[in-house]
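Asks:
There are 2 protein chains.
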Amino acid sequence: MVNEPRGDGGPTPRLEGSSSGSESSKDSSRCSTPGLDPECHDRLREKMRRRMESGDKWFSLEFFPPRTAQGAANLISRFDRMGAGGPLFIDVTWHPAGDPGSDKETSSMVIASTAVNYCGLETILHMTCCCQSREQITGYLHKAKRLGLKNILALRGDPVGDQWEEEDGGFSYAADLVRHIRSEFGDYFDVCVAGADDQCALGTTGLDAHRVIRHRAGSDRGQACRGPLVCSVEWKRQDKGYHSLRQLVKLSKLEVPQQIKDVIEPIKDNDAAIRNYGIEQAVSLCQELLASGLVPGLHFYTLNREMATTEVLKRLGMWTEDPRRPLPWAVSAHPKRREEDVRPIFWASRPKSYIYRTQEWDEFPNGRWGNSSSPAFGELKDYYLFYLTSKSPREELLKMWGEELTSEESVFEVFACYLSGEPNQNGYKVTCLPWNDEPLAAETSLMKEELLRVNRQGILTINSQPNINGKPSSDPVVGWGPSGGYVFQKAYLEFFTSRETVGALLQVLKKYELRVNYHIVDVKGENITNAPELQPNAVTWGIFPGREIIQPTVVDPISFMFWKDEAFALWIEQWGKLYEEESPSRMIIQYIHDNYFLVNLVDNEFPLDNCLWQVVEDTFELLNRPGTEQETETL
Amino acid sequence: MVNEPRGDGGPTPRLEGSSSGSESSKDSSRCSTPGLDPECHDRLREKMRRRMESGDKWFSLEFFPPRTAQGAANLISRFDRMGAGGPLFIDVTWHPAGDPGSDKETSSMVIASTAVNYCGLETILHMTCCCQSREQITGYLHKAKRLGLKNILALRGDPVGDQWEEEDGGFSYAADLVRHIRSEFGDYFDVCVAGADDQCALGTTGLDAHRVIRHRAGSDRGQACRGPLVCSVEWKRQDKGYHSLRQLVKLSKLEVPQQIKDVIEPIKDNDAAIRNYGIEQAVSLCQELLASGLVPGLHFYTLNREMATTEVLKRLGMWTEDPRRPLPWAVSAHPKRREEDVRPIFWASRPKSYIYRTQEWDEFPNGRWGNSSSPAFGELKDYYLFYLTSKSPREELLKMWGEELTSEESVFEVFACYLSGEPNQNGYKVTCLPWNDEPLAAETSLMKEELLRVNRQGILTINSQPNINGKPSSDPVVGWGPSGGYVFQKAYLEFFTSRETVGALLQVLKKYELRVNYHIVDVKGENITNAPELQPNAVTWGIFPGREIIQPTVVDPISFMFWKDEAFALWIEQWGKLYEEESPSRMIIQYIHDNYFLVNLVDNEFPLDNCLWQVVEDTFELLNRPGTEQETETL
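Protein sequence lines correspond, in order, to chains L and U.
For the record, in the first sequence the residue sitting at position 138 is 372 according to my numbering, with numbers rising by one throughout.
For the record, in the second sequence the residue sitting at position 280 is 514 according to my numbering, with numbers rising by one throughout.
1) Using a Cβ-Cβ distance under 7 Å, would N771/L count as near chain U?
2) Using the Cβ count rule (16 or more neighbours within 10 Å means buried), how would you classify V850/U?
3) Check whether the stretch 839 to 853 of chain L touches the stretch 790 to 798 of chain U, taking contact to mean three or more Cβ pairs, one atom from each stretch, closer than 8 Å.
4) Since S698/L is in the beta strand (DSSP E), which residue starts that stretch and which ends it?
5) Could you check whether the Cβ of D659/U sits closer than 7 Å to any Cβ belonging to chain L?
6) In this structure, does DSSP put H329/L in helix, strand or coil?
7) Taking CB distances under 7 Å as the criterion, tell me whether E800/U reaches chain L.
8) Just how far apart, CA to CA, sit P321/L and R577/U?
9) Helix, strand or coil: which one does DSSP assign to L570/U?
10) Against E782/U, what residues of chain L qualify as contacts under a CB-to-CB distance less than 7 Å, listed in chain order?
11) Against chain U, does N751/L count as a neighbour if the rule is that its beta carbon must be under 7 Å from one of theirs?
12) What residue range is occupied by the uninterrupted alpha helix (DSSP H) comprising L857/L?
13) So, at 6 Å on beta carbons, what are the nonlocal neighbours of Y813/L in its own chain, with the 5 sequence-adjacent residues on each side left out?
14) I want to know whether the stretch 557 to 568 of chain U touches the stretch 529 to 537 of chain U - three or more CB-CB distances under 8 Å.
15) Using 7 Å as the threshold, is the C-beta distance between L387/U and D325/U below it?
16) How about V563/L: is its C-beta nearer than 7 Å to some C-beta of chain U?
17) At a CB-CB cut-off below 7 Å, which residues of chain U make contact with A765/L?
18) Taking a Cβ distance cut-off of 9 Å, strictly less, list which residues of the stretch 832 to 855 of chain U are near chain L, in chain order.
19) Please list the partners that W581/U has in chain L, where partner means a Cβ-to-Cβ separation under 9 Å.
20) Looking at the structure shown, is R577/L part of a helix, part of a strand, or coil, going by DSSP?
21) Hey, is W805/L's beta-carbon within less than 7 Å of any beta-carbon in chain U?
22) Determine which residues of the stretch 690 to 719 of chain L have a Cβ less than 8 Å from any Cβ of chain U, and write them out in chain order.
23) Taking only runs of the beta strand (DSSP E) that begin and end inside the stretch 795 to 847 of chain L, which ones reach a length of at least 3 residues, in chain order?
24) Name the DSSP beta bridge partners of T357/L, please?
25) By the criterion of Cβ-Cβ separation under 7 Å, what are the contact partners of L748/L in chain U?
26) When Cβ atoms are compared, which residues of the stretch 566 to 600 of chain L fall closer than 8 Å to chain U?
27) Measure the alpha-carbon distance for R312/U versus W805/U and round it to whole angstroms.
28) Between the Cα of E339/L and those of T623/L, A408/L, W553/L and L639/L, spot the shortest distance and give me the residue it belongs to.
29) Taking D410/L and C365/L to be in contact with their CB atoms under 8 Å, please state how far apart those CB atoms are, rounded to whole angstroms.
30) For R859/U, does the count of other Cβ atoms within 10 angstroms reach 16, so buried, or fall short, so exposed?
31) Using the beta-carbon of each residue, which ones in chain L are nearer than 8 Å to L775/U?
32) Kindly list the residues whose CB is nearer than 6 Å to the CB of N761/L, restricted to its own chain and excluding five residues on each side of it in sequence; keep chain order.
33) Is any heavy atom in the ligand NAD found nearer than 6 Å to the beta carbon of Q304/U?
34) Under a Cβ-count criterion, where at least 16 other Cβ atoms within 10 Å of its own Cβ denotes burial, should S641/U be classed as buried or exposed?
35) Tell me, which residues are paired with L295/L by DSSP?
36) Sorted by chain position, which residues of the same chain lie with C-beta nearer than 6 Å to P300/L's C-beta, five sequence neighbours on each side aside?
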């Protein structure tokens with residue numbers, strides 16, 4: 235399926251990857267991101283070649299661009315969830331009528347670029363050429379390259395009417411587009427082509443359930459292309475039940491085999507049964523395809539749906555959700571970020587925001603944060619960008635965070651409910667916070683009890699990690715990186731809290747001066763710290779066989795000041811604005827925004843018991859001691 | 235003493251460092267070498283300012299360029315030893331008659347540059363201007379800058395005759411030289427000047443033992459200079475006994491106080507007593523100077539001698555030999571190496587050779603070795619450069635390594651004697667080897683028994699370290715870096731051994747495939763490894779409070795191929811060439827050079843017991859098992 239423009243033309247269908255793409259392999263001749271899967275930044279053709287050589291079957295997923303902004307936000311969440319199952323790639327279709335190359339959040343271009351940049355997925359962007367000008371196409375390709383897209387599925391596309399005529403200098407066949415891409419962009423893109431092949435009629439199980447895409451486009455024009463043969467499973471609405479299925483069959487003028495009709499007819503009113511039958515059929519079909527030895531991978535037309543495809547893949551044993559992460563944070567697949575292996579810990583729960591704010595960087599920290607010049611974070615004003623916004627709509631957020639807030643304490647309770655997983659007083663579970671759009675990380679659960687206790691007392695935690703003194707990199711909770719290694723962490727705690735609490739905290743921290751580094755800042759930027767102004771503190775690192783040390787997260791004082799703006803703004807942008815202006819709820823959030831401090835604490839003694847809980851307990855004790863003078867005035 | 239060209243001219247004698255030198259402070263605004271003393275690369279004026287502010291008295295040492303090449307080699311060893319006591323700086327005098335700016339190993343320029351680059355010492359180069367042309371001086375200054383020298387003591391120098399005349403456009407006073415340096419080199423150099431000040435006559439203890447250098451040169455020309463006041467202790471030959479002293483007194487037309495004469499006269503034939511008295515006098519003088527509160531530091535005219543100055547400093551409590559190293563290897567003070575914090579482990583015992591071979595690099599690895607492009611090591615052909623050669627002359631080496639070798643085993647025995655510290659069969663201790671010019675490192679002693687055993691059996695070790703799983707950075711044996719941290723190591727073993735042993739070793743290593751990385755290479759470059767071709771393996775690293783991770787040593791496969799050439803060449807250059815060509819001894823060394831392999835092993839499991847000794851034991855067992863087929867043929 236992948237175009238190999240300078241293949242040797244020999245009789246073997248195996249890609250001779252080593253003979254081409256030499257520039258990119260020279261690029262990576264010294265592996266600079268040892269923590270990552272060394273193959274994860276290879277070209278798609280290389281990944282395919284390796285999987286074919288090893289006989290390791292893959293799967294891939296096709297999506298189409300959604301019609302609405304909310305649909306786009308939902309699709310991106312789906313990318314995150316389905317990406318976890320380990321697809322070799324996804325592809326995003328191209329519909330000329332839908333303004334596919336625009337900057338709209340629903341365009342093919344933006345969806346594919348979001349998948350690459352923000353979800354870290356190897357992505358193929360479809361592109362049709364029929365009825366489009368050479369300049370238009372070239373513009374799309376330049377844009378795709380700029381956005382970090384590396385793979386194009388070159389298609390002819392359907393003409394507007396029933397017939398079409400070859401245009402002079404225009405594109406009449408996919409092969410014309412392929413030739414254009416090669417002449418304008420050399421070897422930059424991996425170019426895929428599609429071709430239905432009737433000889434591959436394995437379809438004894440029917441359901442229009444298979445198509446074969448063979449790497450043979452342009453062959454009618456005498457162009458010799460070679461590449462892996464991929465079998466695709468089209469998966470049309472069988473999870474929507476019988477009537478949907480019947481409609482599809484009618485539309486596509488398909489002949490459904492009698493044996494299938496015989497099964498379906500008696501259960502036609504039982505949607506669940508139809509769905510189960512469909513899944514079973516698909517599983518058998520896939521098993522047959524894989525057993526044939528003719529297909530190295532399965533390509534699923536998901537129709538943007540999740541359940542059935544996931545279920546089929548799980549039953550096939552191909553859903554390889556690997557709890558081990560290459561790095562503790564979600565990596566991007568943009569080629570210019572291939573060496574990135576250090577980030578400030580602050581964006582741990584908002585990796586997409588981090589990627590967004592650093593998208594203009596020319597270089598990314600590699601090995602050491604301190605090497606980079608003073609970081610220039612883009613401003614974050616677009617809190618409602620579809621890939622940055624909360625997955626939950628306003629009504630749900632109000633149910634979770636309170637239709638009406640009555641006090642600062644009612645805010646504390648929201649944090650506590652998020653941590654405990656217990657329903658709030660109105661019976662709703664709090665599954666996200668403005669700073670955490672996902673449920674609690676497994677690692678955070680290790681400290682759940684302590685977190686609950688301190689949040690109830692107004693230490694509103696938004697980021698934390700326990701100390702780890704050399705656990706195996708395969709540890710299901712805190713592990714990351716290649717196997718055979720050891721991971722380490724310094725205990726970290728980040729929270730909002732009141733001026734009064736900060737006063738007591740500062741008194742307590744005097745006792746921990748040599749052990750705990752802190753940064754304490756309010757929305758106006760008033761900054762109290764005992765850490766060197768320009769020195770990052772590594773808080774996560776890993777040691778692996780035969781590799782350099784990797785330190786993927788640091789507490790960087792300068793970045794913290796950028797994060798501070800975002801963290802404070804989220805109070806208003808995501809929470810306060812749910813309420814009417816001047817309403818008591820809105821004013822409570824505004825008060826916290828204006829008066830609380832954002833605090834981060836690092837316990838440098840990673841081999842000892844985490845002292846940060848003791849720091850917080852001591853602070854509460856000091857606060858509750860009657861008649862104690864706090865240092866609030868000095869702030 | 236340090237010229238502050240853009241000082242504020244105010245009444246306080248404290249340097250206002252922050253108002254000038256802003257370029258260099260911007261340079262270092264992000265500390266990129268967290269493992270090093272963050273102050274060690276500051277300008278001398280900054281170091282002085284901080285020491286004065288903190289009231290922390292310093293000492294400094296003056297040397298003159300030696301007359302012979304052997305003298306130069308000896309002086310460099312002295313720099314290493316006296317540098318360990320913690321001088322704030324050293325200075326090297328300038329004698330126009332001695333070709334001070336040349337490339338001779340005895341020139342002031344080369345000695346000062348060696349002190350900076352190879353001994354890591356903050357160094358002031360004297361420079362006189364009298365009777366030298368503007369072009370000559372400019373040339374010297376450019377050369378000094380290129381060599382990494384940052385401090386110049388600008389002096390007038392003595393005219394050739396008794397009188398001198400001001401030259402047109404030439405330099406008549408030190409102030410002319412200062413002005414010239416500033417106009418040609420801006421703020422690049424820290425410029426010091428000298429001035430005797432009779433008002434500072436503290437000399438109740440006599441012995442011409444003090445001079446005061448005050449930062450006031452050029453003041454007669456109306457130039458306002460401010461800087462720290464440094465008191466210098468001249469230390470003339472009092473350790474050479476009475477007669478030397480009398481000669482000096484005569485030469486310098488000094489008046490020796492009667493109270494001193496009274497003490498000396500009765501002991502004039504007892505050199506040791508005279509020496510002790512001299513030391514005591516100097517100690518009292520220094521104590522008086524320090525107690526006066528007028529001097530922030532003491533400057534010693536060592537006359538290139540070591541014992542007395544060291545003794546005085548020790549008695550004063552100013553000799554601050556700190557067992558903690560900033561990094562595990564000897565750092566260079568060249569400004570362009572300020573960020574260097576990673577080196578291949580291979581040159582651990584030959585840091586000067588490493589510095590020499592990388593002197594042309596424009597950038598030095600900082601944080602990660604893998605970031606640097608393929609390293610381009612300079613060829614090492616000049617094994618007899620005065621700072622690379624052995625400290626011991628040929629006769630001594632022959633006594634240590636054998637006047638006559640009879641077999642490979644007699645070579646093994648030399649290695650064993652070096653490790654055991656026991657005399658060899660001729661009664662001489664082996665204090666160095668071609669690969670180790672210093673006695674055994676304290677760390678190596680941790681494994682002495684194991685090393686001894688394997689060397690006796692032909693595993694000729696030249697570099698090794700035990701595994702360390704988080705010892706305090708203050709550990710006297712394996713610690714390095716700032717306090718409060720933890721250091722780690724992977725066990726490492728590097729040795730020469732025969733082809734037969736390598737055959738058995740390779741069989742044994744199959745059992746350790748996932749745990750031990752190895753590189754095995756012979757002089758022709760035949761290379762056997764299980765490590766990724768381009769991936770360095772970090773074998774020493776440290777975790778410190780509030781800092782990024784530091785990994786100062788790595789096993790880098792590419793660098794190993796450069797080291798291999800040097801390591802094999804040392805057999806011939808330093809050992810074989812001690813013997814006549816064609817002599818049996820020479821042929822034994824040549825045989826080893828031609829046939830042995832150089833092996834390095836890394837045990838990646840740093841938290842477990844070091845398995846490398848077991849690997850070697852298993853190898854011996856396999857070798858000694860009767861009738862076992864080795865894989866020698868496959869090599």
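The beta-carbon is built from N, C-alpha and C at its ideal position, and this holds for glycine as well.
Replies: Let's see:
1) For N771/L, the nearest CB of chain U lies under 7 Å from its own CB, placing it at the interface with that chain.
2) buried
3) no
4) Segment L694 to Q699, the beta strand (DSSP E) holding S698/L.
5) According to the sequence shown, residue 659/U is Gln rather than Asp. Closer than 7 Å: no.
6) Coil at H329/L, not helix or strand.
7) no
8) 40 Å
9) Rather than Leu, the amino acid found at residue 570/U in this sequence is Lys. DSSP places K570/U within a helical segment (H, G or I) once states are collapsed to three.
10) R602, W603, G604, P770, A772, Q785 and V788
11) yes
12) L857/L: member of the alpha helix (DSSP H) spanning L846 to N858, first to last residue.
13) S819 and R820
14) no
15) yes
16) First, the amino acid is wrong: residue 563/L is Trp here, not Val. Not an interface residue.
17) Chain U residues near A765/L: G780.
18) Cβ contacts with chain L: V836, N838, E839, F840 and P841.
19) Those within 9 Å of W581/U in chain L number zero; the least Cβ separation is about 18 Å.
20) strand
21) no
22) N703, G704 and G718
23) Correct list: 831 to 837.
24) I324/L
25) Simply G718.
26) N600
27) If I take the Cα positions, the gap works out to 26 Å.
28) T623/L
29) That belief does not hold up - the Cβ atoms of D410/L and C365/L are roughly 12 Å apart, past 8 Å.
30) Classification of R859/U: exposed, given that the 10 Å Cβ count is below 16.
31) Correcting the residue type first, residue 775/U is Trp in the shown sequence and not Leu. Result: I777 and I783.
32) V755
33) Looking for the ligand NAD in the displayed structure turns up nothing, as the structure carries no ligands at all.
34) exposed
35) Paired residue(s): I324/L and F534/L.
36) A306, L309 and T340
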